[in-house]
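Notes follow the structure.
Protein chains: 2
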Amino acid sequence: MADALKIGIAGLGTVGASLARILQQRSNELAVSCGRAIRITAVSARDRNKDRGVDLSGITWFDDPVEMAEKGDIDVFVELVGGAEGTADNSVRAALKRGLHVITANKALLARHGVELAKLAEEKGLLLNYEAAVAGGIPVIKAVRESLTGNNFSRVYGIMNGTCNYILTRMEKEGLTFENCLKEAQRLGYAEADPTFDIEGNDTAHKLSILTTLVFGSQIAVDEIYLEGISNISIEDIHAARDLGFRIKLLGVAQRTETGIEQRVHPTMVPLDSVIAQVDGVTNAVALESDILGELLMVGPGAGGNATASAVLGDITDIAKSRPGAQQVPVLGRPAHLLEPYRQAQMRSHEGGYFIRLTVVDRAGVFASIATKMADNNISLESIVQRSENGAAGAPVTIILVTHATMEDAVRKAVAAIKGEGYLVGEPQIIRIERPKTA
Amino acid sequence: MADALKIGIAGLGTVGASLARILQQRSNELAVSCGRAIRITAVSARDRNKDRGVDLSGITWFDDPVEMAEKGDIDVFVELVGGAEGTADNSVRAALKRGLHVITANKALLARHGVELAKLAEEKGLLLNYEAAVAGGIPVIKAVRESLTGNNFSRVYGIMNGTCNYILTRMEKEGLTFENCLKEAQRLGYAEADPTFDIEGNDTAHKLSILTTLVFGSQIAVDEIYLEGISNISIEDIHAARDLGFRIKLLGVAQRTETGIEQRVHPTMVPLDSVIAQVDGVTNAVALESDILGELLMVGPGAGGNATASAVLGDITDIAKSRPGAQQVPVLGRPAHLLEPYRQAQMRSHEGGYFIRLTVVDRAGVFASIATKMADNNISLESIVQRSENGAAGAPVTIILVTHATMEDAVRKAVAAIKGEGYLVGEPQIIRIERPKTA
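Protein chains in written order, with full-length UniProt numbering: chain A, 1 to 439; chain V, 1 to 439.
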């Protein structure tokens with residue numbers, strides 16, 4: 001049997017502690033399936049005295065992850081520190097420079113520095129694995145890098161933020177407001193004290209930027225993602241969606257178009273009877289559309305100590321089974337120096353269906369005016385629903401339009417023209433519709 | 001760059017021809033991602049003169065796959081012949097004995113001889129890859145063997161036969177009978193002229209037997225799978241299921257219980273709002289339940305030339321990236337000589353919910369008698385629905401019972417006792433209920 005693989009874990013939060021526990025508890029099984037033992041030889045975290053439910057005796061402690069990367073007696077550096085800059089970045093670079101394989105669960109780091117880090121790893125023939133960075137326990141990175149080799153991708157999309165999906169699910173099931181669901185999510189530990197990063201879509205964008213590069217072979221371009229969060233979604237939208245056969249999910253979508261690659265994160269109407277519409281609560285889902293395979297959808301836990309540790313463990317065992325000199329799977333699907341420039345498609349030229357909810361004053365001619373503005377912009381309508389809020393004469397009226405596939409530019413122009421007419425009450429709500437290939 | 005990897009393809013049907021076409025069309029991209037070229041150097045099929053839309057010039061033709069395995073100038077033998085015995089078996093053995101890596105899409109072969117073949121491959125340090133053998137294009141084998149390493153599995157289940165799922169979907173959506181849907185499936189090429197193997201569950205059983213071994217580490221035991229097909233499912237069952245919040249799917253299920261491993265293929269009620277219930281038509285789905293990750297569900301095309309070829313292609317590129325001396329992933333998840341004996345759990349001791357549909361003569365006391373027989377066997381009921389077929393007095397009445405979790409033995413005894421009372425019209429229908437962990 002080969003020498004034991006020596007692991008250094010930087011960061012002993014929920015994921016790090018789970019990982020350490022599992023590596024210790026399952027050491028025999030892992031040795032059998034990998035053909036060698038896997039041993040934690042070094043760890044690094046802030047508080048040395050905290051009880052994490054793991055026996056750390058005999059394991060070298062480092063106060064500084066960078067020092068562990070530089071001096072630890074380890075073969076693999078596991079980065080679970082988090083954050084795009086500072087310690088995480090410095091320690092991963094130090095590890096690669098020293099010739100260590102690296103595993104990270106850090107989407108922010110990869111979204112910012114992924115291409116550089118991939119180059120560094122590839123120049124040295126090292127593995128840089130990051131299954132846990134996108135959609136937690138769902139093995140989507142492996143599926144793209146290893147199972148769907150040779151496929152040309154047309155679209156990748158998914159529910160990649162458990163906090164948002166939890167909030168949207170509870171809003172629908174219990175008729176609660178966004179604010180109430182957010183509070184509940186915070187109480188249960190599904191949302192941070194400052195939830196901005198999750199609910200405004202930034203977290204999804206980080207994950208999407210990595211997937212985009214993997215499937216389309218372009219440079220990571222996290223700053224060029226169109227971003228819209230869910231804080232603007234009301235119960236009325238959710239109910240109207242349901243009545244029209246849709247459910248609202250926060251999706252990250254990357255899509256190849258004639259003018260470039262679209263990357264967008266926004267609340268999205270998906271058909272009620274589609275598989276992804278049933279993905280509830282904190283669960284994640286990622287769909288891959290490609291020319292040879294067709295559509296592959298993977299559903300599973302996107303966060304949590306154990307689920308994330310499971311993904312890291314898969315990365316570790318892949319390294320344990322590899323041998324020096326073996327051809328490595330390129331970190332980002334193709335060698336980093338061969339990634340193409342990112343050619344951004346403009347949101348104005350996005351094509352798709354739209355859900356438009358307008359609240360208008362109840363007066364003659366409004367409906368006709370709206371229909372005319374749509375027609376003026378060549379937007380054809382799939383359905384139109386008009387309902388009075390409370391039936392009282394003179395009370396504002398809600399009008400919901402669902403369009404056939406049209407250009408975003410046309411929708412923006414039509415809505416601007418409608419706004420100019422002065423009969424709108426409040427802001428119009430516009431939600432894009434996304435249809436799975438197979439449903 | 002390393003030498004080209006030389007591929008021999010045995011069998012040029014839909015899958016083989018797709019594979020050959022893709023390998024030729026995508027040769028540049030594949031060479032970049034694998035670090036070496038992949039070349040077809042030999043093929044074998046029955047009819048040399050058939051036009052398959054592939055350029056076979058310069059490729060050595062063998063009339064006999066065994067001869068190709070023994071003498072072809074190839075590194076990898078791809079078996080797409082089919083069948084558990086004869087040519088497929090002989091050629092795969094010949095290839096392994098000669099020291100060639102083998103890829104097969106042949107579930108019947110693996111269900112019958114998988115353990116022996118795995119031993120042969122492992123003794124010689126060869127790869128035996130078979131992603132396409134279970135659920136077609138869905139990379140479930142890779143997920144279990146490589147991503148979920150270290151997880152202990154509790155249950156694996158799935159929709160693994162497109163023919164059955166197509167028929168059940170159309171029956172529900174269009175209110176057609178089983179016979180009509182089968183004919184339609186045959187017309188569209190989704191069902192064979194003799195559909196027995198698909199609709200009676202044998203095909204699902206083959207796939208399930210392989211998954212069972214992978215997740216539970218026991219010997220393949222395809223003959224010990226409880227089997228019930230879908231030919232017995234009526235529109236009435238489908239409608240009653242829907243009314244009670246269920247949909248009927250043919251599932252293969254393997255589950256660890258206290259008395260051993262349950263393996264069963266049968267029509268199954270799944271909750272209408274579960275993700276797997278939305279998997280329609282010829283699409284497949286496989287769910288893996290394990291202790292670290294939780295539940296992972298993968299949905300994708302389970303058959304078809306391209307989807308199957310995509311899985312074979314993933315297997316090929318895995319071999320292209322591997323190097324002599326690398327530790328191989330054990331063929332069946334753990335080394336074949338370490339597989340445990342299969343300990344079969346009896347269906348009588350299966351625990352779960354049951355849907356029971358009885359047609360009875362319309363006379364006083366029948367309902368009470370049925371309720372009493374259930375109570376006598378300690379079966380507690382979740383719901384009871386009684387409806388007259390056409391409302392006419394004296395016409396037979398349908399009674400539908402949904403039980404809470406109970407033992408199969410109790411259900412069988414209760415139904416036998418009910419039968420003994422003489423008020424049943426026709427055979428009772430019994431369908432097991434399966435609930436996903438997360439929904």
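No residue lacks a Cβ here, since even glycine has one placed at the ideal position from N, Cα and C.
Computed from a predicted structure; not experimentally measured.
If the cut-off is 7 Å on Cβ atoms, which residues from the segment 38-71 of chain A count as contacting chain V, listed in chain order?
none
Per DSSP, L338 (chain A) forms a beta bridge with which residues?
For this step, residue 338 (chain A) is matched to residue 338 along the first sequence. Answer is none; L338 (chain A) lacks a bridge partner.
Return the CA-CA distance between T204 (chain V) and G252 (chain V), expressed in angstroms with no decimal places.
Indexing the second sequence from 1 puts residue 204 (chain V) at position 204. Indexing the second sequence from 1 puts residue 252 (chain V) at position 252. If I take the Cα positions, the gap works out to 6 Å.
Could you have a look at T283 (chain V) and say whether DSSP puts it in helix, strand or coil?
Residue numbering aside, residue 283 (chain V) sits at position 283 when the second sequence is read from its first letter. T283 (chain V): strand per DSSP, three-state reduction.
Assumed close pair S18 (chain A), A309 (chain A) - CB separation to whole angstroms, cut-off 8 Å:
The residue you call residue 18 (chain A) lines up with position 18 of the first sequence. The residue you call residue 309 (chain A) lines up with position 309 of the first sequence. Right, their Cβ atoms sit about 4 Å apart.
8 Å Cβ shell around S322 (chain A) - same chain, five flanking residues per side excluded:
For this step, residue 322 (chain A) is matched to residue 322 along the first sequence. For S322 (chain A), where only same-chain residues beyond five positions count, the Cβ hits under 8 Å are L127 and Q328.
Flag K419 (chain V) as yes if its beta-carbon sits less than 8 Å from any beta-carbon of chain A, otherwise no.
Within the second sequence, numbered from 1, the residue matching residue 419 (chain V) stands at position 419. The beta carbon of K419 (chain V) sits no closer than 8 Å to any beta carbon of chain A.
Name the chain A residues whose beta carbon is nearer than 8 Å to that of T317 (chain V)?
On the second sequence, residue 317 (chain V) is found 317 positions in, with the first residue counted as 1. Within 8 Å Cβ-Cβ: E146, T149 and G150.
Pull out every residue of the segment 297-313 of chain V whose Cβ sits closer than 8 Å to any Cβ of chain A, in chain order.
Residues L297, M298, V299, G300, P301, G304, N306, A307, A309, S310, A311 and L313.
Going by DSSP, what residues sit across from V415 (chain A) in a beta bridge?
Your numbering for residue 415 (chain A) matches position 415 in the first sequence. None, per the DSSP bridge assignment.
Mind pulling the chain V residues with CB within less than 9 Å of S274 (chain A)?
Residue mapping note: residue 274 (chain A) aligns to position 274 of the first sequence, counting from 1. Under the 9 Å cutoff, chain V gives Q278.
Have a look at the DSSP bridge pairing and note the partners of V140 (chain A).
For the purposes of this step, residue 140 (chain A) is identified with residue 140 of the first sequence, where counting begins at 1. Partner(s): none; V140 (chain A) has no beta bridge.
Three-state secondary structure (DSSP) at I230 (chain A)?
Here residue 230 (chain A) is taken as the residue at index 230 of the first sequence, counted from 1. It is coil, neither helix nor strand.
Given a cut-off of 8 Å on the beta-carbon distance, is the pair R334 (chain V) and G260 (chain V) in contact?
The residue given as residue 334 (chain V) occupies position 334 in the second sequence. The residue given as residue 260 (chain V) occupies position 260 in the second sequence. Between R334 (chain V) and G260 (chain V), the C-beta gap is not smaller than 8 Å, which leaves the two residues out of contact.
Delimiting residues of the beta strand (DSSP E) encompassing R93 (chain A)
The residue given as residue 93 (chain A) occupies position 93 in the first sequence. No beta strand (DSSP E) holds R93 (chain A); the alpha helix (DSSP H) holding it covers T87 to R98.
Local conformation of H266 (chain A) per DSSP, three classes
Residue mapping note: residue 266 (chain A) aligns to position 266 of the first sequence, counting from 1. If DSSP states are grouped into helix, strand and coil, H266 (chain A) belongs with the strands.
With 8 Å as the threshold, decide whether the Cβ of R343 (chain A) is near any Cβ in chain V.
Within the first sequence, numbered from 1, the residue matching residue 343 (chain A) stands at position 343. Cβ-Cβ to chain V under 8 Å: no for R343 (chain A).
How would you label L358 (chain V), buried or exposed, when you count the other beta carbons within 10 angstroms and need 16 or more for buried?
Taking the second sequence and counting its residues from 1, one reaches residue 358 (chain V) at position 358. Buried is the call here.
Residue-chain proximity (I7 (chain A), chain V), Cβ-Cβ < 8 Å:
For the purposes of this step, residue 7 (chain A) is taken as the residue at position 7 of the first sequence. Not closer than 8 Å to any Cβ of chain V, the Cβ of I7 (chain A) fails to qualify, so no.
Buried or exposed for G189 (chain V), please, with buried defined as at least 16 other CB atoms from any protein chain shown within 10 angstroms of its CB.
Residue numbering aside, residue 189 (chain V) sits at position 189 when the second sequence is read from its first letter. Exposed, because fewer than 16 other Cβ atoms sit within 10 Å of the Cβ of G189 (chain V).
Looking at the structure shown, is A439 (chain A) part of a helix, part of a strand, or coil, going by DSSP?
The sequence position of residue 439 (chain A) within the first sequence is 439, counting from 1. At A439 (chain A) the pLDDT is 42, less than 50, meaning the model places this residue with poor confidence; the figure from the coordinates comes in the next sentence. Looking at A439 (chain A) - three-state DSSP - the assignment turns out to be coil, as it is neither helix nor strand.
For the segment 403-414 of chain A against the segment 358-377 of chain A, are there 3 or more C-beta pairs whose distance is under 8 Å?
yes
Skipping 5 residues on each side, what residues in its chain have a beta carbon closer than 8 Å to that of S369 (chain A)?
Residue mapping note: residue 369 (chain A) aligns to position 369 of the first sequence, counting from 1. Result list for S369 (chain A): I418, E421 and Y423, in chain order.
Out of curiosity, what's the CA-to-CA distance linking L168 (chain V) and G281 (chain V)?
Numbered from its first residue, the second sequence carries residue 168 (chain V) at position 168. Numbered from its first residue, the second sequence carries residue 281 (chain V) at position 281. Between L168 (chain V) and G281 (chain V), the C-alpha separation is close to 8 Å.
Check this for me: beta carbons of I230 (chain A) and P267 (chain A), under 8 Å apart or not?
On the first sequence, residue 230 (chain A) is found 230 positions in, with the first residue counted as 1. On the first sequence, residue 267 (chain A) is found 267 positions in, with the first residue counted as 1. Contact flag set, yes.
Would the beta-carbon of M269 (chain V) fall within 8 Å of that of A287 (chain V)?
As a position in the second sequence, residue 269 (chain V) is number 269, starting the count at 1. As a position in the second sequence, residue 287 (chain V) is number 287, starting the count at 1. Contact: no.
Could you tell me whether the Cβ of V32 (chain V) comes closer than 8 Å to any Cβ of chain A?
Residue numbering aside, residue 32 (chain V) sits at position 32 when the second sequence is read from its first letter. It does; some Cβ of chain A falls within 8 Å.
Reducing DSSP to helix, strand and coil, say where G294 (chain A) ends up.
Counting from one through the first sequence, the residue named residue 294 (chain A) turns up at place 294. DSSP places G294 (chain A) in strand when its eight states are reduced to three.
Answer yes or no: does any C-beta atom of chain A fall closer than 8 Å to that of K321 (chain V)?
Walking along the second sequence from the start, residue 321 (chain V) turns up at place 321. With 8 Å as the cut-off, K321 (chain V) counts as an interface residue toward chain A.
Say whether chain A places a C-beta atom closer than 8 Å to the C-beta of V286 (chain V).
Against the second sequence, residue 286 (chain V) aligns to sequence position 286. Not one beta carbon of chain A lies nearer than 8 Å to the beta carbon of V286 (chain V).
For the pair the segment 62-80 of chain A and the segment 99-110 of chain A, tell me if three or more CB-CB distances fall below 8 Å.
yes
Could you pull out every residue in the same chain whose Cβ sits closer than 7 Å to the Cβ of D75 (chain A), ignoring the five residues on either side in sequence?
Along the first sequence, one-based indexing puts residue 75 (chain A) at 75. The answer, listed in chain order, is L5, K6, L100 and H101.
Kindly identify the DSSP beta-bridge partner or partners of I38 (chain A).
Counted from its first residue, the first sequence places residue 38 (chain A) at position 38. Per DSSP, A:L5.
Under 7 Å by beta carbon: chain V residues contacting A143 (chain A)
Position 143 of the first sequence holds residue 143 (chain A). Near A143 (chain A) (Cβ distances below 7 Å), the residues of chain V are P139.
From what residue to what residue does the beta strand (DSSP E) around H239 (chain A) run?
Locating residue 239 (chain A) in the first sequence gives position 239, counting from the first residue. No beta strand (DSSP E) contains H239 (chain A), which is instead part of the alpha helix (DSSP H) from I235 to D243.
If you reduce the DSSP assignment to three classes, tell me which class Q255 (chain V) lands in.
Numbered from its first residue, the second sequence carries residue 255 (chain V) at position 255. Looking at Q255 (chain V) - three-state DSSP - the assignment turns out to be strand.
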